[in-house]
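Colleague:
In full-length UniProt numbering, the protein residues as written are 1 to 158.
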């Protein structure tokens with residue numbers, strides 16, 4: 001669930017970064033200041049077509065992630081009630097907290113992107129402290145999976 005959500009956000013950020021780069025570099029590649037509006041109007045439908053496809057894919061991934069999350073939570077809370085298992089409830093709560101942390105992570109990333117435009121480029125993202133923000137989410141999701149496994153293997157199914 002969280003992976004699907006992060007994939008959709010990453011997909012959207014990657015797309016926006018790449019499409020903005022293409023739009024901004026096109027005038028320089030074909031003549032700099034002499035970039036005519038006729039060329040721009042010829043390229044715009046193609047660029048907008050790519051934008052529509054990538055945006056549709058990102059929205060589909062986000063909707064799939066949300067639906068998976070809701071169904072997963074529902075199944076965990078129902079199993080906790082039916083089987084009287086506190087571990088299923090703990091797993092569901094851990095997933096909720098992980099989702100809140102993912103939303104905080106996305107807000108921090110967007111705020112960082114707006115405040116400092118070059119901050120999300122290059123090795124600083126991969127090798128720096130940036131990815132350490134995801135560590136609590138990873139730990140919580142591992143705990144949620146461990147709680148689910150404990151609940152499954154200790155369940156007294158009638």
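Beta carbons are placed, not taken as given, at the ideal position from N, Cα and C, and that holds for glycine.
#1: Which residue spans inside the segment 36-113 form an unbroken alpha helix (DSSP H) run of at least 4?
#2: Considering only C-alpha positions, which residue in the set 133, 107, 98 and 85 is nearest to residue 148?
#3: From which residue to which residue does the alpha helix (DSSP H) around residue 138 run?
#4: Excluding five sequence neighbours on each side, which residues of the same chain lie with their C-beta closer than 7 angstroms to the C-beta of residue 97?
#5: For residue 153, count neighbouring C-beta atoms within 10 Å of its own C-beta (all shown protein chains included) and say buried if the count is 16 or more, exposed if not.
#6: Let me confirm a value: residue 14 is counted as buried when at least 16 other C-beta atoms fall within 10 Å, else exposed. Which label applies?
#7: Going by beta-carbon coordinates alone, are residue 144 and residue 94 separated by less than 8 angstroms?
#8: Taking just the CA atoms, how far does residue 76 sit from residue 83?
#9: Quick one: Cα of residue 56 to Cα of residue 108, how far?
#10: For residue 50 and residue 44, I'd like the C-alpha separation in whole angstroms.
#11: Given this structure, state the Cα-to-Cα distance separating residue 47 from residue 156, to the nearest angstrom.
Modeller: This is what the structure holds:
#1: 37-83
#2: Among 133, 107, 98 and 85, the Cα nearest to that of residue 148 belongs to 85.
#3: It spans 135-154 - the alpha helix (DSSP H) in which residue 138 sits, taken as one unbroken run.
#4: 140
#5: So residue 153 counts as exposed.
#6: exposed
#7: yes
#8: 10 angstroms
#9: 24 angstroms
#10: 10 angstroms
#11: 57 angstroms
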